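Chains as they are written, first to last, in the numbering used here: chain L, 2 to 376; chain H, 2 to 376.
See below for the structure under consideration.
Number of protein chains: 2
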Amino acid sequence: MNIEDEIQNIEKRTDYDRILEEFGISRIDKLLPKIGRENIFFRRGVVFAHRDFNKIVDRAEQNKKFAIISGRGPSSDLHYGHFILFELIRFIQEKYNCDFFLPLSDDEKYVFRKVDSIGETYKLSLENAVDIFALGFKPDNVHAYISSITPRIQYLALSFSVNQTYNAIKAALGLTGEENVGTVFYSCIQAAHILHPTTDHNLPVVVPVGLDQDVFIRLTRDIARKRKITSPTSLYIRFLKGLTGKPMSSSAPESCVFLSDDEKTIKRKIMNALTGGRSTVKEQQKLGANSDVCTIYDWFEKYFVKDDKEMSEIRKGCKDGELICGLDCKPRLIEMILNHQKQHNNRKKEVIKNLEKYFDHEIDLSVLNREDDSF
Amino acid sequence: MNIEDEIQNIEKRTDYDRILEEFGISRIDKLLPKIGRENIFFRRGVVFAHRDFNKIVDRAEQNKKFAIISGRGPSSDLHYGHFILFELIRFIQEKYNCDFFLPLSDDEKYVFRKVDSIGETYKLSLENAVDIFALGFKPDNVHAYISSITPRIQYLALSFSVNQTYNAIKAALGLTGEENVGTVFYSCIQAAHILHPTTDHNLPVVVPVGLDQDVFIRLTRDIARKRKITSPTSLYIRFLKGLTGKPMSSSAPESCVFLSDDEKTIKRKIMNALTGGRSTVKEQQKLGANSDVCTIYDWFEKYFVKDDKEMSEIRKGCKDGELICGLDCKPRLIEMILNHQKQHNNRKKEVIKNLEKYFDHEIDLSVLNREDDSF
Chain L
2 MNIEDEIQNI
12 EKRTDYDRIL
22 EEFGISRIDK
32 LLPKIGRENI
42 FFRRGVVFAH
52 RDFNKIVDRA
62 EQNKKFAIIS
72 GRGPSSDLHY
82 GHFILFELIR
92 FIQEKYNCDF
102 FLPLSDDEKY
112 VFRKVDSIGE
122 TYKLSLENAV
132 DIFALGFKPD
142 NVHAYISSIT
152 PRIQYLALSF
162 SVNQTYNAIK
172 AALGLTGEEN
182 VGTVFYSCIQ
192 AAHILHPTTD
202 HNLPVVVPVG
212 LDQDVFIRLT
222 RDIARKRKIT
232 SPTSLYIRFL
242 KGLTGKPMSS
252 SAPESCVFLS
262 DDEKTIKRKI
272 MNALTGGRST
282 VKEQQKLGAN
292 SDVCTIYDWF
302 EKYFVKDDKE
312 MSEIRKGCKD
322 GELICGLDCK
332 PRLIEMILNH
342 QKQHNNRKKE
352 VIKNLEKYFD
362 HEIDLSVLNR
372 EDDSF
Chain H
2 MNIEDEIQNI
12 EKRTDYDRIL
22 EEFGISRIDK
32 LLPKIGRENI
42 FFRRGVVFAH
52 RDFNKIVDRA
62 EQNKKFAIIS
72 GRGPSSDLHY
82 GHFILFELIR
92 FIQEKYNCDF
102 FLPLSDDEKY
112 VFRKVDSIGE
122 TYKLSLENAV
132 DIFALGFKPD
142 NVHAYISSIT
152 PRIQYLALSF
162 SVNQTYNAIK
172 AALGLTGEEN
182 VGTVFYSCIQ
192 AAHILHPTTD
202 HNLPVVVPVG
212 LDQDVFIRLT
222 RDIARKRKIT
232 SPTSLYIRFL
242 KGLTGKPMSS
252 SAPESCVFLS
262 DDEKTIKRKI
272 MNALTGGRST
282 VKEQQKLGAN
292 SDVCTIYDWF
302 EKYFVKDDKE
312 MSEIRKGCKD
322 GELICGLDCK
332 PRLIEMILNH
342 QKQHNNRKKE
352 VIKNLEKYFD
362 HEIDLSVLNR
372 EDDSF
């Protein structure tokens with residue numbers, strides 16, 4: 002089930018907190034005084050819950066290091082929906098000076114048959130890494146690695162494989178047995194990604210994820226418990242709304258804006274986006290629009306408009322009918338995206354120059370120049 | 002089911018050849034004119050069947066290279082029963098100048114919970130390798146490696162993992178789902194052991210095994226077919242009879258003679274061994290004994306007595322009552338084993354000097370000297 006659907010389903014239930022509690026997940030609210038409200042993701046509820054993140058914050062307050070980890074299955078579809086996650090990581094890294102581990106999970110793409118061979122995502126792995134680091138990451142304290150060619154990860158996965166039965170994974174993921182063995186074993190590889198900052202660098206870990214990914218956190222915590230390794234903690238994120246009104250998904254291109262989209266495509270997608278507007282300009286000027294269902298408003302609030310005053314002006318202008326979707330808000334978001342894209346591309350050049358410094362293993366930079374027009 | 006039981010069960014059936022044929026296995030007889038009868042394993046039916054080994058022989062006749070591969074799960078229980086396999090490999094290697102790949106499958110010992118951690122069999126891996134190579138292997142054309150620390154093997158296993166479903170492995174091995182995931186994934190590691198001479202060195206492969214191991218060959222052939230890799234061929238071996246009359250097994254120490262057994266232990270085990278002898282010497286001298294059920298005779302025939310004339314004299318002497326089990330044959334075998342052991346220990350010293358040359362990766366020889374009295 003999609004993350005937004007899942008959250009909406011859960012939020013509809015009156016026993017929301019009880020459900021979270023069952024899984025050991027708490028609302029983030031109580032932690033905000035400690036974390037602070039300077040970051041919009043925390044302030045505006047994009048990060049809405051956590052499991053044991055208080056332990057990490059307590060640790061940070063004693064100047065003890067920790068690690069934040071998020072994987073990326075290399076693919077050509079990196080879009081603005083993914084950026085919330087990585088900008089959140091950048092914020093946490095800057096605030097707490099923690100290490101960021103970025104497994105580029107080419108093995109995941111392979112076992113789930115998104116690609117025919119493991120090697121064919123090598124270039125994409127480097128490209129995705131460049132895009133992520135161009136969000137403002139410095140090479141210091143970053144550990145990027147391509148999973149399949151990192152022997153230590155495969156070794157840890159093998160090591161953890163004795164701590165999980167097929168039946169446990171089957172129950173957690175709803176397998177039929179007709180899946181290939183690689184997808185079953187991938188749970189162990191993912192546990193290796195999550196736990197290796199702890200096993201190898203003695204750093205407790207926080208993993209920011211969507212609520213739908215929590216099953217993998219639970220599987221990993223199960224292994225950690227059996228191995229007497231400090232259990233990973235987690236943060237739960239709400240992602241951007243899909244522009245079509247349906248959940249954002251790479252396989253529904255009109256629902257999201259890819260980093261590789263050209264200006265024309267971006268304009269079309271945004272101009273076609275679902276809003277809370279009225280049928281006519283006149284009607285909207287008279288009655289105002291509904292920001293609660295508006296995807297443009299959602300993108301402003303969760304990502305593009307960092308300033309609270311600006312945000313409340315947008316909210317008021319929308320409600321009062323002073324802002325017209327197609328005349329004001331959509332052109333404004335288009336400009337913001339194009340501007341972001343331009344700055345992002347500039348920062349990429351700087352990242353590429355130092356890309357080797359971000360990686361824990363040697364990389365072949367020359368692939369970035371081959372048959373390639375994205376840089 | 003134990004190999005000897007399985008063979009005996011199959012041999013009892015009148016449709017023996019049809020069963021073998023169903024699995025694509027042929028008796029070795031027709032191939033003997035090509036292979037020759039100079040080796041006792043072929044001449045005396047220790048190697049009794051094969052799958053597609055004719056293809057390897059044809060290739061060898063054209064001076065094309067191939068690989069022979071047999072794994073060894075490192076443990077302290079290497080015994081004379083294991084030596085048939087490795088001496089057969091040595092013979093084939095000498096005759097055909099093929100490459101011998103020896104994966105030391107520490108990962109197997111680990112996932113099947115014979116040891117608590119992967120690393121703890123490192124020293125045993127080297128020790129087992131020394132014992133195997135001391136059978137007369139030269140470092141040339143030998144590729145030994147410790148499986149878990151050979152990234153290429155773990156990478157190939159991951160690669161092959163998409164070509165087998167859990168259900169297929171479940172059906173082949175009779176799994177319940179309560180096994181740990183490592184044991185399921187191990188099929189893919191084993192396929193990597195078997196196929197990597199073909200994928201990485203372009204050498205077709207022959208695997209000598211007991212008939213009970215054929216299921217793993219079939220699983221690997223299934224992967225090879227899907228990947229369009231040349232399928233592994235196989236040779237089927239009868240192992241030594243257990244001294245107790247029951248199948249030989251490391252977990253029944255009196256059934257076998259370990260390389261580490263001292264003289265006193267060897268004498269006890271052999272003197273207690275099951276023979277086809279009569280209740281009294283007098284009776285035996287009068288009626289003769291039954292070599293068909295005699296474990297001592299079996300050891301002579303399959304391994305220790307290479308000379309056919311000597312063997313037929315033993316057979317005759319046994320039948321005619323001229324040889325008395327406890328007075329003639331058992332002391333003779335004890336002497337042979339002690340002599341073999343002595344020579345073997347001498348050859349080990351030479352092997353240790355050159356051990357690094359046998360391995361495809363760096364090894365830490367210093368572990369062989371730590372808290373160690375076996376060398």
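Note that the Cβ used here is the ideal one computed from N, Cα and C, for glycine as well.
Just so we're clear, the structure is a prediction, and the values are computed from it rather than from any experiment.
Residue i versus chain H: which residues are under 9 Å apart at the beta carbon?
| i | result |
| --- | --- |
| residue 181(L) | 162, 163, 164, 165, 166 and 167 |
| residue 185(L) | 162, 167, 182, 185 and 186 |
| residue 119(L) | 156, 159 and 160 |
Which residues in the same chain have their Cβ closer than 7 Å to the Cβ of residue i, if we skip the five residues on either side of it in sequence?
| i | result |
| --- | --- |
| residue 307(L) | 41 |
| residue 368(L) | 123, 124 and 127 |
| residue 37(L) | none |
| residue 339(L) | 264 and 267 |
If you draw a straight line from the C-alpha of residue i to the C-alpha of residue j, how long is it?
| i | j | result |
| --- | --- | --- |
| residue 244(L) | residue 326(L) | 13 Å |
| residue 101(H) | residue 73(H) | 13 Å |
| residue 233(L) | residue 324(L) | 45 Å |
| residue 63(L) | residue 154(H) | 43 Å |
| residue 47(L) | residue 196(L) | 25 Å |
| residue 177(L) | residue 222(H) | 24 Å |
| residue 3(H) | residue 224(L) | Model confidence at residue 3(H) stands at a pLDDT of 44, short of 50, so the residue's coordinates are unreliable; what they give is reported in the following sentence. About 34 Å. |
| residue 135(L) | residue 346(L) | 8 Å |
| residue 290(L) | residue 309(L) | 20 Å |
| residue 314(L) | residue 297(L) | 15 Å |
| residue 337(L) | residue 156(H) | 43 Å |
| residue 375(L) | residue 251(L) | Only weak support exists for where residue 375(L) lies, its pLDDT of 45 falling under 50; the value from the coordinates is given anyway. Roughly 18 Å between the two C-alpha positions. |
| residue 344(L) | residue 350(L) | 10 Å |
| residue 78(H) | residue 255(H) | 12 Å |
| residue 362(H) | residue 120(H) | 16 Å |
| residue 92(L) | residue 141(H) | 57 Å |
| residue 161(H) | residue 109(L) | 14 Å |
| residue 206(H) | residue 218(H) | 11 Å |
| residue 104(L) | residue 359(L) | 12 Å |
| residue 60(H) | residue 164(L) | 45 Å |
| residue 152(H) | residue 151(L) | 8 Å |
| residue 317(L) | residue 311(L) | 10 Å |
| residue 301(H) | residue 81(H) | 12 Å |
By Cβ distance, which residues of its chain are closer than 8 Å to residue i, with the 5 residues on each side in sequence left out?
| i | result |
| --- | --- |
| residue 268(H) | 335 |
| residue 18(H) | 28 |
Counting only Cβ pairs nearer than 8 Å, list the residues of chain L close to residue i.
| i | result |
| --- | --- |
| residue 108(H) | 159 |
| residue 126(H) | Neighbours of residue 126(H) on chain L: none; closest Cβ ~15 Å, over 8 Å. |
| residue 114(H) | 163 |
| residue 149(H) | 156 and 159 |
Assuming residue i and residue j form a contact by the criterion Cβ under 8 Å, report the distance between their Cβ atoms to the nearest whole angstrom.
| i | j | result |
| --- | --- | --- |
| residue 257(L) | residue 292(L) | In fact, because the Cβ distance is near 20 Å, the residues do not count as touching under 8 Å. |
| residue 288(H) | residue 132(H) | Incorrect: roughly 41 Å between the Cβ atoms, too far for contact. |
| residue 83(L) | residue 235(L) | That belief does not hold up - the Cβ atoms of residue 83(L) and residue 235(L) are roughly 18 Å apart, past 8 Å. |
| residue 139(H) | residue 76(H) | With a Cβ gap of about 25 Å, residue 139(H) and residue 76(H) do not count as contacting. |
| residue 182(L) | residue 189(H) | 6 Å |
| residue 86(H) | residue 230(H) | That pair is no contact at about 24 Å. |
| residue 67(L) | residue 204(L) | 5 Å |
| residue 303(L) | residue 241(L) | 6 Å |
I want to verify the contact list: residues of chain H whose CB lies under 8 Å from the CB of residue i, in sequence order.
| i | result |
| --- | --- |
| residue 155(L) | 152, 155, 156 and 159 |
| residue 171(L) | 178 |
| residue 111(L) | 159, 160 and 163 |
Name the chain H residues that come within less than 7 Å of residue i, Cβ to Cβ?
| i | result |
| --- | --- |
| residue 298(L) | Near residue 298(L) there are no residues of chain H at all, since even the closest Cβ is about 43 Å away, more than 7 Å. |
Leaving out the 5 sequence neighbours to the left and right, which residues in its chain are closer than 6 Å to residue i when beta-carbon positions are compared?
| i | result |
| --- | --- |
| residue 463(L) | Here chain L has residues from 2 to 376 only, and residue 463(L) is not among them. |
| residue 5(L) | Low per-residue confidence applies at residue 5(L): pLDDT is 47, beneath 50, and the placement is therefore not dependable enough to give any value. |
| residue 220(L) | 173 and 188 |
| residue 278(H) | 285, 290 and 326 |
| residue 272(H) | 331 |
| residue 276(H) | 295, 297 and 326 |
Check the Cβ of residue i against every Cβ in chain A and list those closer than 8 Å, keeping chain order.
| i | result |
| --- | --- |
| residue 330(L) | Checking the listed chains, one finds no chain A in this structure; the protein chains it contains are L and H. |
List, in chain order, every chain L residue whose beta-carbon is nearer than 7 Å to that of residue i.
| i | result |
| --- | --- |
| residue 189(H) | 182 |
* Which runs of the alpha helix (DSSP H) spanning at least 4 residues fall entirely within the segment 221-277 of chain L, listed in chain order? -> 264-272
* Pick out the complete beta strand (DSSP E) segments inside the segment 324-360 of chain H, 3 residues or longer, and give them in chain order. => none
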